[in-house]
Amino acid sequence: MAAAESYPDDLRYHEEHDWARIDGDEAVLGITWFAADALGELVHFEAPATGATVTKDASYGEVESVKAVSDLIAPLSGEVLEVNQKVVDAPETVNEDPYGEGWLIRIRLSDASEVDALLDVSAYKNVLAES
Amino acid sequence: MSQTLLRTPLHDRHVELGARMVPFAGWEMPVQYEGVIQEHRAVRTDAGVFDVSHMGEVMVEGPQATALLQSLLSNDLERIAPGEAQYTLLTNERGGIIDDLIAYRLGDCRYLLIVNASNRDTDFRWMKEREIRGSDVTDVSDEYALLAVQGPRAIERLGLQPAKAFTFAEETVDGVEVMVNRTGYTGEDGCELLCMSEDAVALFDAVLARGVAPCGLGARDTLRLEACYPLHGNDIGPDTDPISAALGWTCALGKEFTGVEVVRRVKEDGPARKLVPFVMEEKAVPRQHMAIGGGGEVTSGTHSPMLDVGIGMGYVPATMAGVGTELKIDVRGKTRTARVVKRPIYEREG
């Protein structure tokens, strides 16, 4: 079952419909409910390798539904510490729980100051309202 | 832009049911309701209904109707009697495929052709310009709506009796007069119901009330690809010949039709390239226009909901067309392995 629409208050957002959960010098990244809903049920997660570098505003992988492919845009820069194998094996997990079980990667931040440029939930909702 | 898109009689019903509407071949059509994969599975396990009223209907009648169509269509209409239907191709002088369609023989001298939405005007003009004395070609698309009801339980849910594939009859479904065509585009049992446009809403509601799931064009595409049915505009077109497209079985090469000499030559010489179905051996979803190593190209690709792997069709050099041949597909810069399989990619049980 696809999750109901929601945007948690404790996350930071990127206007390309990605979220980041900051924890010290690490962050967990994923895509928002809006992105997952727009794509439809995910069937493939093209994940980066552990140890790879991701760069803010650049693609770090792809997610695909039956009909469409979407680049994953990194909201922050850093090194990939972990890829969510559950999503690799069962990509629909993202549709079912986009902010929980459906997280995509965990990174070590290379520049913690980048966090300041991310959107809070109200700013992200404004992005959605204008799109 | 939305004002220029055509709408079927069921447009408002689709919106009420929460469908995601998209432009398709000049029409505003439902691509999905609950989700492509869920709808796909409904058709494979039970029954689903598709609004395909955007498709075109062309009536060809008159004492010379058979003669006209025999000269324009690749298959041999003498093989079917009134009450029977035939999959066939409208071909050009180069032996290319203007459209693929189903011809329903309504009477000795009367045929209904159901054609692709995107080719409706082209097909009609092509045939109208070639009318012969004693034949009359009419575009009757606006008069009719068409619902495809497909799946192992489709016939039972509609309260109909089983019948042979590629036959049709006039029947009544919950008070609505319909032409029940035992045809489809999913690889499942089922039928296509042709009704008057003004009866479409009543028929659609009746079909839904019988427990048939509404399905969009997204599932229609994944279903047809698992069944290896070509899609005109992707896998076949005016520049592809029937032999290369594995549609030689639809060509009666002993009769004369437009471009037959080209088709005969391709058949005799053997095609340089062939349309083959394939299954990915690595996690990746093939997509239209991706290159296949050795000089091929993907013409249709998706993720198979039943097999849970990437599947597709594409043209490859004839030397690479054998079942079991390994293909290398360029998936946005990454080489992914696939293997040629026999048709269909997914076959229904029983």
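Which chain is which? The protein sequence lines are G and E, in order. Using my numbering, the first residue of the first sequence is number 1, and each one after it goes up by one. Using my numbering, the first residue of the second sequence is number 1001, and each one after it goes up by one. For each residue, glycine too, the CB sits at the ideal point set by N, CA and C.
Of the choices the options, whose alpha-carbon is the least far from that of residue i?
i	options	result
VAL1180 (chain E)	E:GLU1188, E:VAL1036, E:LEU1158	E:LEU1158
ARG12 (chain G)	G:LYS67, G:PRO75, G:LEU42	G:PRO75
GLY1333 (chain E)	G:GLY61, G:GLY30, G:GLU16	G:GLY61
ALA1165 (chain E)	E:ILE1155, E:ALA1291, E:ASP1123, E:ARG1133	E:ILE1155
PHE1124 (chain E)	E:SER1141, E:GLU1170, E:CYS1109	E:SER1141
TRP1027 (chain E)	E:GLN1086, E:LEU1005, E:GLU1034	E:LEU1005
TYR1229 (chain E)	E:GLY1293, E:MET1320, E:TYR1087, E:GLY1294	E:TYR1087
ILE1243 (chain E)	E:TYR1033, E:ALA1272, E:LEU1208	E:ALA1272
ASN84 (chain G)	G:LYS125, G:GLU15, G:TYR99	G:TYR99
VAL1058 (chain E)	E:LEU1113, E:GLY1190, E:GLY1211	E:LEU1113
GLU82 (chain G)	G:ASN126, G:ASP57, G:GLU5, G:GLU26	G:GLU26
PHE45 (chain G)	G:ALA68, G:GLY24, G:ASP23, G:LYS56	G:ALA68
HIS1011 (chain E)	E:GLY1095, E:GLN1161, E:GLU1198	E:GLU1198
GLY1211 (chain E)	E:PRO1009, E:THR1319, E:THR1045	E:THR1045
VAL1052 (chain E)	E:LYS1128, E:PRO1063, E:GLY1035, E:ALA1200	E:ALA1200
GLY1096 (chain E)	E:ASP1205, E:GLY1248, E:ASP1269	E:GLY1248
GLY1083 (chain E)	E:LEU1253, E:TYR1111, E:MET1196	E:TYR1111
GLY1324 (chain E)	E:ILE1236, E:ARG1343, E:ILE1098, E:LEU1307	E:ARG1343
ARG108 (chain G)	G:PHE34, G:VAL43, G:GLY24	G:GLY24
LEU1307 (chain E)	E:LEU1275, E:VAL1331, E:ALA1252, E:ARG1348	E:ARG1348
ALA1291 (chain E)	E:GLU1061, E:LEU1327, E:MET1055	E:LEU1327
GLN1150 (chain E)	E:CYS1215, E:ARG1133, E:ALA1209	E:CYS1215
MET1029 (chain E)	E:ARG1007, E:LEU1017, E:ALA1047	E:ARG1007
ARG1287 (chain E)	E:LEU1253, E:GLY1301, E:LEU1231, E:ILE1080	E:GLY1301
GLY1190 (chain E)	E:ARG1094, E:HIS1289, E:ARG1153	E:ARG1153
ILE22 (chain G)	G:LYS86, G:ASP120, G:GLU130	G:ASP120
If we cut at 9 angstroms on Cβ distances, does residue i have a partner in chain C?
i	result
VAL1298 (chain E)	Given the protein chain composition of this structure (G and E), no chain C is represented.
Assuming the contact rule is C-beta atoms closer than 8 angstroms, residue i and residue j should be a hit. Round their C-beta distance to whole Å, please.
i	j	result
TYR1192 (chain E)	ALA1148 (chain E)	Residue 1192 (chain E) is actually Glu in this sequence, not Tyr. About 5 angstroms; that satisfies the 8 angstroms criterion.
VAL1115 (chain E)	LEU1101 (chain E)	4 angstroms
VAL1298 (chain E)	ILE1329 (chain E)	7 angstroms
GLY1294 (chain E)	PRO1317 (chain E)	6 angstroms
MET1256 (chain E)	SER1074 (chain E)	The displayed chain sequence assigns Glu, not Met, to residue 1256 (chain E). Contact doesn't hold; Cβ gap of about 11 angstroms is too wide.
VAL54 (chain G)	GLY30 (chain G)	Between GLY30 (chain G) and VAL54 (chain G) the Cβ distance is about 13 angstroms, and since that is not below 8 angstroms, they are no contact.
ALA3 (chain G)	GLU96 (chain G)	6 angstroms
VAL127 (chain G)	ILE105 (chain G)	At roughly 22 angstroms, the Cβ-Cβ gap does not stay under 8 angstroms, so VAL127 (chain G) and ILE105 (chain G) are not in contact.
LEU1194 (chain E)	LEU1160 (chain E)	Going by Cβ atoms, the distance from LEU1194 (chain E) to LEU1160 (chain E) rounds to 14 angstroms, so no, they are not a contact pair.
VAL1049 (chain E)	VAL1207 (chain E)	5 angstroms
GLU16 (chain G)	ILE73 (chain G)	4 angstroms
GLY1233 (chain E)	SER1118 (chain E)	6 angstroms
ALA1103 (chain E)	ALA1081 (chain E)	With 8 angstroms as the limit, ALA1103 (chain E) and ALA1081 (chain E) do not qualify as a contact, their Cβ atoms being about 12 angstroms apart.
HIS1303 (chain E)	VAL66 (chain G)	5 angstroms
Starting from residue i, follow its DSSP beta bridges and name the residues at the other end.
i	result
PRO1044 (chain E)	Correcting the residue identity first, residue 1044 (chain E) is Arg in this sequence and not Pro. In the DSSP output, where bridge partners are listed per residue, ARG1044 (chain E) has none listed.
MET1196 (chain E)	E:TYR1144
ASP1136 (chain E)	E:GLU1061
ASP1051 (chain E)	E:LEU1147
ARG185 (chain G)	Nothing can be reported for residue 185 (chain G): it is not among the residues displayed for chain G, which extend from 1 to 131.
VAL1316 (chain E)	E:LYS1274
ASN1092 (chain E)	DSSP, once it has assigned bridges, lists no residue as partnering ASN1092 (chain E).
ARG1110 (chain E)	E:GLU1061, E:GLY1107
MET1179 (chain E)	E:GLU1170, E:LEU1194
CYS1215 (chain E)	E:PHE1050
TRP1027 (chain E)	E:LEU1006, E:PHE1024
ILE1097 (chain E)	E:THR1091
ASP23 (chain G)	G:GLU26
Three CB pairs or more closer than 8 angstroms across the stretch 1130-1144 of chain E and the stretch 1181-1190 of chain E: Touching, no.
Chain E contacts made by the stretch 107-130 of chain G, where a contact means CB separation under 9 angstroms: Within the stretch 107-130 of chain G, no residue qualifies.
Selection of the stretch 1216-1228 of chain E by Cβ proximity to chain G, strictly under 7 angstroms: Using a CB distance below 7 angstroms, the part of the stretch 1216-1228 of chain E facing chain G consists of GLY1218, THR1222, ordered along the chain.
For the stretch 1018-1028 of chain E against the stretch 44-51 of chain G, are there 3 or more C-beta pairs whose distance is under 8 angstroms? Between the stretch 1018-1028 of chain E and the stretch 44-51 of chain G there are fewer than three inter-stretch CB-CB distances shorter than 8 angstroms, so the stretches are not counted as touching.
Is the stretch 1279-1293 of chain E touching the stretch 1333-1346 of chain E in the sense that three or more CB pairs, one from each, lie closer than 8 angstroms? Verdict: yes, contact present.
Using a beta-carbon distance cut-off of less than 9 angstroms, what residues from the stretch 28-46 of chain G approach chain E? Residues passing the 9 angstroms Cβ filter: GLY40, GLU41, VAL43, HIS44, PHE45, GLU46.
May I ask you to verify whether the stretch 1061-1072 of chain E touches the stretch 1168-1176 of chain E, counting CB pairs closer than 8 angstroms and requiring at least 3? Contact fails: fewer than three Cβ-Cβ distances are below 8 angstroms.
On the three-pair Cβ rule with 8 angstroms, is the stretch 1282-1291 of chain E touching the stretch 1260-1273 of chain E? A contact is defined here as three or more CB-CB pairs under 8 angstroms, and the stretch 1282-1291 of chain E fails this definition with respect to the stretch 1260-1273 of chain E.
Note down, in chain order, all residues in the stretch 1276-1291 of chain E with a beta-carbon under 9 angstroms from any beta-carbon belonging to chain G. Against chain G - using a Cβ distance shorter than 9 angstroms - the residues of the stretch 1276-1291 of chain E are LYS1283, ALA1284, VAL1285, ARG1287.
At a Cβ cut of 9 angstroms, what residues of the stretch 63-84 of chain G count as close to chain E, listed as they run along the chain? Listed in sequence order: GLU64, SER65, VAL66, LYS67, VAL69.
Of all the residues that make up the stretch 1019-1035 of chain E, which are near chain G by a beta-carbon distance shorter than 9 angstroms? Correct list: ARG1020, VAL1031, GLN1032, GLU1034, GLY1035.
Stretch pair the stretch 1209-1229 of chain E + the stretch 1311-1328 of chain E: three plus CB contacts closer than 8 angstroms: Result yes; three or more Cβ-Cβ pairs closer than 8 angstroms.
Interface positions of the stretch 1035-1067 of chain E facing chain G (Cβ-Cβ less than 7 angstroms), listed along the chain: Only GLY1035, VAL1036, ILE1037 from the stretch 1035-1067 of chain E bring a Cβ to less than 7 angstroms from some Cβ of chain G.
Meets three-Cβ-pair contact criterion under 8 angstroms: the stretch 1199-1219 of chain E and the stretch 1024-1043 of chain E: Touching, yes, given that three or more Cβ pairs across the two stretches are closer than 8 angstroms.
Could you name the residues of the stretch 1302-1325 of chain E whose beta carbon sits closer than 7 angstroms to any beta carbon of chain G, in the order they occur along the chain? Within the stretch 1302-1325 of chain E, the residues whose Cβ lies closer than 7 angstroms to some Cβ of chain G are THR1302, HIS1303, listed in chain order.
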